[in-house]
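Sequential numbering of the sequence shown, starting at -8, is according to the working numbering. For glycine and all other residues, C-beta sits at the position ideal for the given N, C-alpha and C. To start, the structure under review is shown below, and the notes come after it.
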Amino acid sequence: MAVTSRTRVGIVGAGPAGLLLAHLLALHGIESVVVENRSREYCEARQRAGLLEAGTVELLRGVGLGKRLDAEGMEHGGIYLQFDGQRHHLDFRSLTDGRWVTIYAQTEIVKDMIAARLAAGAVIEFSASDVAVSDVTSDRPVLSYRDASGVAHEVSCDVIAGCDGFHGICRPLVPNLSVYERAYPYAWLGILADAAPSTDELIYSRHRDGFALYSMRSPEVSRLYLQVAPDEPVADWPDDRIWAELQKRFAVDGWSVSEGTITDKSVTAMRSFVAVPMRHGRLFLAGDAAHIVPPTGAKGLNLAFSDVIVLAGALRAALLDGSWELAGAYSDMCLDRVWRATHFSWWMTSMLHVAPGQDPFESQLQLAQLRYVTSSRAAAKSLAENYCGYKPLSLQAPA
Ligand code: FAD
Ligand code: DHB
-8 MAVTSRTRVG
2 IVGAGPAGLL
12 LAHLLALHGI
22 ESVVVENRSR
32 EYCEARQRAG
42 LLEAGTVELL
52 RGVGLGKRLD
62 AEGMEHGGIY
72 LQFDGQRHHL
82 DFRSLTDGRW
92 VTIYAQTEIV
102 KDMIAARLAA
112 GAVIEFSASD
122 VAVSDVTSDR
132 PVLSYRDASG
142 VAHEVSCDVI
152 AGCDGFHGIC
162 RPLVPNLSVY
172 ERAYPYAWLG
182 ILADAAPSTD
192 ELIYSRHRDG
202 FALYSMRSPE
212 VSRLYLQVAP
222 DEPVADWPDD
232 RIWAELQKRF
242 AVDGWSVSEG
252 TITDKSVTAM
262 RSFVAVPMRH
272 GRLFLAGDAA
282 HIVPPTGAKG
292 LNLAFSDVIV
302 LAGALRAALL
312 DGSWELAGAY
322 SDMCLDRVWR
332 ATHFSWWMTS
342 MLHVAPGQDP
352 FESQLQLAQL
362 RYVTSSRAAA
372 KSLAENYCGY
382 KPLSLQAPA
């Protein structure tokens, strides 16, 4: 027999979306349970995003999650775009009304949110198995799982939030889903290295042998990415080969990538994916469970958080005031921002990567576009506005 219990919101997934939702709901006085199939250690170590829009930073500060972010985050007022061996700076502050972005790793945000939930006495069921959701068209959907010690649980909820990422179990529960997708013929090899970054801001480099991105995690740690083949085995990339390729793709006279010990290496596929609608009955999808963007625009985590802000507001209205109007508008409200970010991410990706067998016409178009965004103020302004976060998030403060 399963242990039965009751909560208001059952949340599947302790990634950024699920953890932030639990945090915002708690601020509204709404109880939730988070069920995650990985261990706490795994969730806290999973290397992914690093770049936060200013709106995301302000959101985290506004809900009491800004302490370490403010101490350790690195504010950047622009990026470099490199092509044809030349590096060009885009100054976001002067191109926009003073906007900026912050480098603060997703691993750290996840650690901060887990610590905040546990300090508040909340339950996060890590290392759960047999996670399932049922009865989503009734007003008592059920979240069931086996906890880390093997005990079966059934939690009766008002609402279920599917925050379980691209490979989760929630999206397949939405019938008649329309899916829009694009696979790209390349992947990113990402590394983390104990090396002081030799750049003050991120460098996006288009090289004829492929794209490279220079990011960072701290004044001592660099985060770098290389465009590789989609099914590239990590084993084909010993450290020496990685550094040689990075030096080549970022080469400019009198400058080099600073090298150090590589502490993490992984390959990520690139895809665009949007599933519509993001709600079915009492099941709401948020973040990567509903949409994926290729990482070139640095939008995935920021989008996941904007979904969650809208969802937390909608659930507050539904569960505390009995008004389901915002819940009804949830999918459309999110998709407006999702499609803008999907376009921007596709555009950045297409401009900077070199497809296998790419013809010279395509290459000339990419270079023409790069020359345009680095010489026309209007074009640079559009890139800056999208990169920093089109339509900045506005937090509906908990009452
Ligand atoms: P996830 O992080 O995928 O979390 C889902 C959670 O659900 C996971 O913990 C998973 O273990 C759990 N789960 C899955 N299935 C189940 C199940 N059956 N039961 C219970 N739990 C389950 N975004 C940015 O904004 N800026 C960036 O700079 C950026 N850079 C990136 C770089 C790389 C290399 C990659 C890969 C991504 C990057 N992103 C970036 C995207 C960002 O990392 C994701 O969009 C973000 O993780 C989405 O959060 P999420 O909570 O929706 O999903
Ligand atoms: C990072 C990742 C991105 O995809 C990006 O566009 C910028 C920065 C990062 O991991 O720091």
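DSSP links residue 179 through a beta bridge to 218, 259. Within the stretch 120 to 188, the complete beta strand (DSSP E) segments of 3 residues or longer fall at 120 to 125, 133 to 137, 143 to 147, 150 to 153, 169 to 185, listed in chain order. Between the alpha carbons of residue 365 and residue 338 lies a gap of roughly 15 angstroms. Distance from the C-beta of residue 287 to the nearest heavy atom of ligand 2 is below 7 angstroms. Bounds of the alpha helix (DSSP H) holding residue 301 are 291 to 312. Relative to the Cα of residue 303, the nearest Cα in the group -3, -6, 10, -8 belongs to 10.
A direct Cα-to-Cα measurement between residue 38 and residue 97 gives close to 7 angstroms. Beyond the five residues adjoining it in sequence on each side, residue 256 comes within less than 6 angstroms, by CB distance, of 182, 225 in the same chain, given in chain order. Just so you know, the alpha carbons of residue 262 and residue 104 end up roughly 27 angstroms apart.
Comparing C-alpha distances from residue 177 to each of 203, 232, 171, 363 shows the shortest one belongs to 203. By the Cβ-count criterion, residue 254 is exposed, with fewer than 16 other Cβ atoms from all chains shown falling within 10 Å of its own Cβ. In the structure shown, residue 15 falls within a helical segment according to DSSP collapsed to helix, strand and coil.
The beta-carbon distance between residue 79 and residue 311, rounded to whole angstroms, is 50 angstroms. This is too long to meet the 8 angstroms contact definition.
Residue pairing from DSSP places residue 3 in a beta bridge opposite 26, 153. Within 7 angstroms of the C-beta of residue 290 there is at least one heavy atom belonging to ligand 1. Excluding five sequence positions before and after residue 17, the CB atoms of its chain that fall closer than 8 angstroms to its own CB belong to 23, 108, 111, 113, given in chain order.
Going by DSSP, residue 62 is part of the alpha helix (DSSP H) stretching over 58 to 63. When the alpha-carbon of residue 327 is set against those of 70, 45, 298, 340, the nearest one is in 298. Remark: three or more beta-carbon pairs, one from each stretch, lie closer than 8 angstroms, so the stretch 87 to 95 and the stretch 28 to 43 are flagged as touching. Residue environment: residue 28 is assigned as buried (16 or more neighbouring CB atoms within 10 Å of its CB, all protein chains considered). Judged by DSSP secondary structure, residue 316 falls within the alpha helix (DSSP H) whose first and last residues are 316 to 343.
Taking all protein chains in view, the Cβ of residue 199 is surrounded by fewer than 16 other Cβ atoms within 10 Å, so the residue is classified as exposed. Residue pairing by DSSP places residue 116 opposite 26 in a beta bridge. Per DSSP, residue 193 lies in no alpha helix (DSSP H) segment and is marked neither H nor E. Contact check between the stretch 316 to 330 and the stretch 279 to 298: three or more CB pairs, one atom from each, fall below 8 angstroms, which counts as touching. Closer than 7 angstroms to some heavy atom of ligand 1: that does not describe the Cβ of residue 141. Within the stretch 28 to 100, the complete alpha helix (DSSP H) runs of at least 4 residues fall at 31 to 36, 45 to 53, 58 to 63, 83 to 86. Within the same chain, Cβ atoms closer than 6 angstroms to the Cβ of residue 120 are found at 137, the five residues on either side in sequence being excluded.
Judged by the Cβ position, residue 80 fails to qualify as a neighbour of ligand 1 at the 7 angstroms threshold, every heavy atom of the ligand being at least this far.
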